[in-house]
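Colleague: Take a look at the following structure, please.
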Amino acid sequence: MRYLFKKAIIFIITLLIISVLTFTAFQVIPGNSALTALGMEATDEAIETLKEELGFNKNVFIRYFDWLKKVTKGDFGDSIQYHSKATDLIKDRVVVTLWLAIISFILILIIALPLGVLSALKKNSIVDKAILVMTQISMAIPPFFLGILLTILFGFVIKIFIPGNYISYKEDIAGFLYYLIFPAMAVAIPKISMLVKFLRNSIIRELKLDYVRTARSKGNDERTIMYKHVLKNAFIPIITLLGMMLADIMAGTILIEQVFSLPGLGRLLLVSISNRDFAVVQAIILYMALIVVLINFIVDILYQFLDPRVTKI
Amino acid sequence: MNIKLLKKHKYNIDFIIGSVLLLFAILIVIIGLFYTPYDPNVMSNELKNISPSLLHPFGTDNFGRDILSRVMKGTGTTVIISTMIVTIGVLFGTLIGAITGYYGGWLDEVLMRMNDALLAFPSLLLALVFVGIFGVGKYNIILALGLVFIPSFSRIVRSEFITYKNMDFVNNAILLGASDFRIMFVHILPNTKPMLLSAVVVGLNNAVLAEAGMSFLGLGVQPPDPSLGRMLSEAQSYLFNAPWYALAPGLMIVIIVLGFSLISGGRLFEK
Numbered sequence: 408m409r410y411l412f413k414k415a416i417i418f419i420i421t422l423l424i425i426s427v428l429t430f431t432a433f434q435v436i437p438g439n440s441a442l443t444a445l446g447m448e449a450t451d452e453a454i455e456t457l458k459e460e461l462g463f464n465k466n467v468f469i470r471y472f473d474w475l476k477k478v479t480k481g482d483f484g485d486s487i488q489y490h491s492k493a494t495d496l497i498k499d500r501v502v503v504t505l506w507l508a509i510i511s512f513i514l515i516l517i518i519a520l521p522l523g524v525l526s527a528l529k530k531n532s533i534v535d536k537a538i539l540v541m542t543q544i545s546m547a548i549p550p551f552f553l554g555i556l557l558t559i560l561f562g563f564v565i566k567i568f569i570p571g572n573y574i575s576y577k578e579d580i581a582g583f584l585y586y587l588i589f590p591a592m593a594v595a596i597p598k599i600s601m602l603v604k605f606l607r608n609s610i611i612r613e614l615k616l617d618y619v620r621t622a623r624s625k626g627n628d629e630r631t632i633m634y635k636h637v638l639k640n641a642f643i644p645i646i647t648l649l650g651m652m653l654a655d656i657m658a659g660t661i662l663i664e665q666v667f668s669l670p671g672l673g674r675l676l677l678v679s680i681s682n683r684d685f686a687v688v689q690a691i692i693l694y695m696a697l698i699v700v701l702i703n704f705i706v707d708i709l710y711q712f713l714d715p716r717v718t719k720i
Numbered sequence: 015m016n017i018k019l020l021k022k023h024k025y026n027i028d029f030i031i032g033s034v035l036l037l038f039a040i041l042i043v044i045i046g047l048f049y050t051p052y053d054p055n056v057m058s059n060e061l062k063n064i065s066p067s068l069l070h071p072f073g074t075d076n077f078g079r080d081i082l083s084r085v086m087k088g089t090g091t092t093v094i095i096s097t098m099i100v101t102i103g104v105l106f107g108t109l110i111g112a113i114t115g116y117y118g119g120w121l122d123e124v125l126m127r128m129n130d131a132l133l134a135f136p137s138l139l140l141a142l143v144f145v146g147i148f149g150v151g152k153y154n155i156i157l158a159l160g161l162v163f164i165p166s167f168s169r170i171v172r173s174e175f176i177t178y179k180n181m182d183f184v185n186n187a188i189l190l191g192a193s194d195f196r197i198m199f200v201h202i203l204p205n206t207k208p209m210l211l212s213a214v215v216v217g218l219n220n221a222v223l224a225e226a227g228m229s230f231l232g233l234g235v236q237p238p239d240p241s242l243g244r245m246l247s248e249a250q251s252y253l254f255n256a257p258w259y260a261l262a263p264g265l266m267i268v269i270i271v272l273g274f275s276l277i278s279g280g281r282l283f284e285k
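Heads up: the protein sequence lines correspond to chains A and B, in order. Sequential numbering of the first sequence, starting at 408, is according to our numbering. Sequential numbering of the second sequence, starting at 15, is according to our numbering.
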């Protein structure tokens, strides 16, 4: 219980730090989008009235709490490029990004787990070495180049994928998910390599421990030892890695959305950065940060159930 | 020191392959400084999207520019930018790590909490926040990514300083009346070299990927300056007409990244 309490406190503090940083970055630093919207020739009075309206003349702390109050209600202000609420813009795009992340995550799990186990079981064999070489190389391929290679492979050589023919989830959910499989592959492949390598080393480390020797001396066969004892323990450190990966996947989608022209959060973020549309930028950053921190929090709690030892430290 | 490092890795196949790949990349960069087969920025209407041939080994792009020449120049840009990014990260990271590790106290607590919060964040997202604030461009990217790289270095240096600060040679130096500055940077810092060096290699690896990613997104190096990431994003618009365009810049990035990751102890065939 104390562990849970401590983690919850850290979770809240991290959220506060992020909110302060975002506020400082986008509200205090000059070059505010609302002021740029007025243009270069704006009169001093116009700037003054706008400043008064936006509350720029108030104390920084009061401004922070005003801002926080609005943000928790989901009000990030209006986008200057789309002339609509930042939250409305995000709501539409987040579906694409979340689905892309989910499909990538599923791909990672179903491909990496068996490969990692296989690699550890057949340690130092040809299969193991082939897997290791593949993982080493695929980790060196930048995800956007991988996306281009996959487009060429599946789009022009095998022809089971039409590049750029994105189907909205509102029109055809099956077509939407089918289109997402290919970008998801580009997100997943480097992560698969990472997980395979990690899982292999984790299993090999476990196999050297005393309880494995005990299990062997009791006459258990290798299969039972592997599946009933070793894997259970080898998977525990994987949970933390998976948590970190989920955060990375969220960021990785930004690049991949650009390659496959998917209308997700990442593309909106890039367009908004180029147009210096700060309302949207800070909304997306806060949103993604919230997801990342939340994932870490959930992983910490999960960890406690899987490995109760952590609470004793 | 370098000789020793080489001797240690003499029979390590990873290290050899990694070095060969990196030497190849460095050679390309150096040649690219003095000579390219064609002017990398000259456009031509007749030579648009020509497939690879003897005259243009990797073809030409949508403006009729020779891709090989552009890759040679672009590799240089990528390598220089990545080195500058890592330099910013190492300099400030070492400074922050040394001070927090050596003195400890509340400053250490505050800075390390912030460090942890920043490290928990995906680096790409963090870089985008900084780019969002600073704006787009070559120098802004160096600054933004440099800032992103500081926390990981400061963390490593800090833990090294904590290990060394209570050792006898440091106590000895204190007794001899050495100043804090001297102890930190003349006595302790040289000991962190092995750790710092491997962190730099990993950092360079990440910096190349990050710079290419940023330029790919159109936030880094601006046209007409050639850059590997930028070329890939142009290649992507002409995939159907010129599928070869992506090959050379993409492979170049893979070569550099693979080189760094093999050297930094990928240990492909560990016993």
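Glycine residues also receive a C-beta, built at the ideal position from the N, C-alpha and C atoms.
Could you tell me how far apart the beta carbons of A:I656 and A:S511 are, in whole angstroms, since I believe they sit closer than 8 Å?
Modeller: Confirmed, about 5 Å.
Colleague: Within 7 Å of any Cβ in chain A, is that where the Cβ of B:F297 sits?
Modeller: Since the first residue shown for chain B is 15 and the last is 285, residue 297 of chain B is missing from the structure and cannot be characterised.
Colleague: With H, G and I counted as helix, E and B as strand and the rest as coil, what does DSSP make of B:T97?
Modeller: Correct three-state label for B:T97: helix.
Colleague: Closer than 7 Å, CB to CB, is B:Q236 near chain A or not?
Modeller: No - not a single Cβ of chain A is within 7 Å of the one on B:Q236.
Colleague: If you measure between the beta carbons of B:M228 and B:I155, is that distance less than 7 Å?
Modeller: Contact flag set, yes.
Colleague: How would you call A:H490, buried or exposed, if buried means at least 16 neighbouring beta carbons within 10 angstroms?
Modeller: Exposed: under 16 other Cβ atoms inside 10 Å.
Colleague: Output the distance between the C-alpha atoms of A:I567 and A:A654, rounded to the nearest integer angstrom.
Modeller: When rounded, the distance between both Cα atoms is 30 Å.
Colleague: Could you check whether the Cβ of A:F552 sits closer than 7 Å to any Cβ belonging to chain B?
Modeller: Closer than 7 Å to some Cβ of chain B, the Cβ of A:F552 qualifies, so yes.
Colleague: Just to make sure I have the definition right: I need the residues of chain B whose C-beta is within less than 9 Å of the C-beta of A:M592. Which are they?
Modeller: Per Cβ cutoff of 9 Å: no residues; A:M592 is ~16 Å from chain B at best.
Colleague: At 9 Å on the CB atoms, spell out the chain B contacts of A:N703, in chain order.
Modeller: A134, listed in chain order.
Colleague: I want to verify the contact list: residues of chain C whose CB lies under 8 Å from the CB of A:D655, in sequence order.
Modeller: Note that chain C does not occur in the displayed structure, where the protein chains are A and B.
Colleague: Leaving out five residues on either side along the sequence, give the residues of the same chain with a beta carbon under 6 Å from the beta carbon of A:A593.
Modeller: Result list for A:A593: P550, L553, G554, L557 and I663, in chain order.
Colleague: Given a cut-off of 7 Å, decide if A:V666 and A:A493 are closer than it, judged by their beta-carbon atoms.
Modeller: Not a contact, by the Cβ cut-off of 7 Å.
Colleague: Can you give, in chain order, each stretch of the alpha helix (DSSP H) that sits fully within the stretch 194-261 of chain B and has at least 4 residues?
Modeller: List check, alpha helix (DSSP H) in window: 207-230 and 242-251.
Colleague: Can you give me, in chain order, the residues of the stretch 652-682 of chain A that have a beta carbon less than 7 Å from any beta carbon in chain B?
Modeller: Here the close residues are A654, D655, M657, A658, I661, L662, Q665, V666, L676, L677, I680 and S681.
Colleague: Could you list the residues in the stretch 153-184 of chain B with a C-beta less than 9 Å from some C-beta on chain A, going in chain order?
Modeller: For the stretch 153-184 of chain B, which is checked against every Cβ of chain A, not one residue is closer than 9 Å.
Colleague: Along the alpha helix (DSSP H) that carries A:Y576, what are the first and last residues, could you check?
Modeller: Here A:Y576 belongs to no alpha helix (DSSP H), and DSSP marks it neither H nor E.
Colleague: Check whether the stretch 112-123 of chain B touches the stretch 162-176 of chain B, taking contact to mean three or more Cβ pairs, one atom from each stretch, closer than 8 Å.
Modeller: Touching, per the Cβ criterion.
Colleague: Between A:L522 and A:V467, which are expected to be in contact by the criterion C-beta below 8 Å, what is the C-beta distance as a whole number of angstroms?
Modeller: The Cβ separation is near 53 Å, so there is no contact.
Colleague: Kindly indicate which three-state DSSP category A:K476 falls into: helix, strand or coil?
Modeller: Helix, per DSSP.
Colleague: Please confirm whether B:N59 and B:P238 have their CB atoms less than 7 Å apart.
Modeller: Not closer than 7 Å, so no.
Colleague: With 16 as the cutoff for other CB atoms within 10 Å, does B:G88 come out buried or exposed?
Modeller: With 16 or more other Cβ atoms within 10 Å, it is buried.
Colleague: Just verifying my parser: in three-state terms, what is the DSSP assignment at B:D53?
Modeller: Of the three classes helix, strand and coil, the one that applies to B:D53 here is coil, per DSSP.
Colleague: For A:F399, which of A:I705, A:I680, A:I698 and A:V700 has the nearest alpha-carbon?
Modeller: Look at the range of chain A in this structure, 408 to 720, and you will see that residue 399 of chain A is not part of it.
Colleague: Between the C-alpha atoms of B:A213 and A:N627, what's the straight-line distance to the nearest angstrom?
Modeller: Distance between the alpha carbons of B:A213 and A:N627: 43 Å.
Colleague: Residues in the stretch 529-552 of chain A with C-beta within 9 Å of chain B's C-beta atoms, listed in sequence order?
Modeller: Of all residues in the stretch 529-552 of chain A, N531, K536, L539, V540, Q543, I544, M546, A547, I548, P549, P550, F551 and F552 have a Cβ within less than 9 Å of some Cβ in chain B.
Colleague: Indicate whether the contact test is met: 3 or more Cβ pairs, each with one atom in the stretch 639-646 of chain A and one in the stretch 562-577 of chain A, closer than 8 Å.
Modeller: Cβ pair count under 8 Å is below three, so no.
Colleague: Measure the CB-CB distance between B:T91 and B:V271 and report whether it falls below 7 Å.
Modeller: For B:T91 and B:V271, no; Cβs fall outside 7 Å.
Colleague: Just checking my contact of B:Y259 with B:I95 at CB under 8 Å: how many whole Å lie between their CB atoms?
Modeller: With 8 Å as the limit, B:Y259 and B:I95 do not qualify as a contact, their Cβ atoms being about 22 Å apart.
Colleague: What distance in whole Å lies between the Cβ atoms of B:L36 and B:G273, which are believed to be in contact at a cut-off of 8 Å?
Modeller: About 4 Å separates the two Cβ atoms, so the contact holds.
Colleague: With DSSP collapsed to three states, give me the class of B:D80.
Modeller: In this structure, B:D80 counts as strand in the three-state DSSP scheme.
Colleague: Cβ of B:M147 less than 7 Å from any chain A Cβ?
Modeller: Correcting the residue type first, residue 147 of chain B is Ile in the shown sequence and not Met. With 7 Å as the cut-off, B:I147 counts as an interface residue toward chain A.
Colleague: Give me, in chain order, the residues of the same chain whose beta-carbon lies closer than 8 Å to that of B:F133; leave out the 5 immediate sequence neighbours on both sides.
Modeller: Correcting the residue type first, residue 133 of chain B is Leu in the shown sequence and not Phe. Contacts found: P165, S166 and R169.
Colleague: Taking 7 Å as the CB-CB limit, is B:L36 close to chain A?
Modeller: It does not; no Cβ of chain A falls within 7 Å.
Colleague: Identify every run of the beta strand (DSSP E) within the stretch 616-695 of chain A, keeping only runs that are complete inside it and at least 3 residues long; order them along the chain.
Modeller: Correct list: empty.
Colleague: Whose Cβ in chain A lies nearer than 8 Å to the Cβ of B:A249?
Modeller: Going along chain A in sequence order, the residues near B:A249 (Cβ under 8 Å) are I555.
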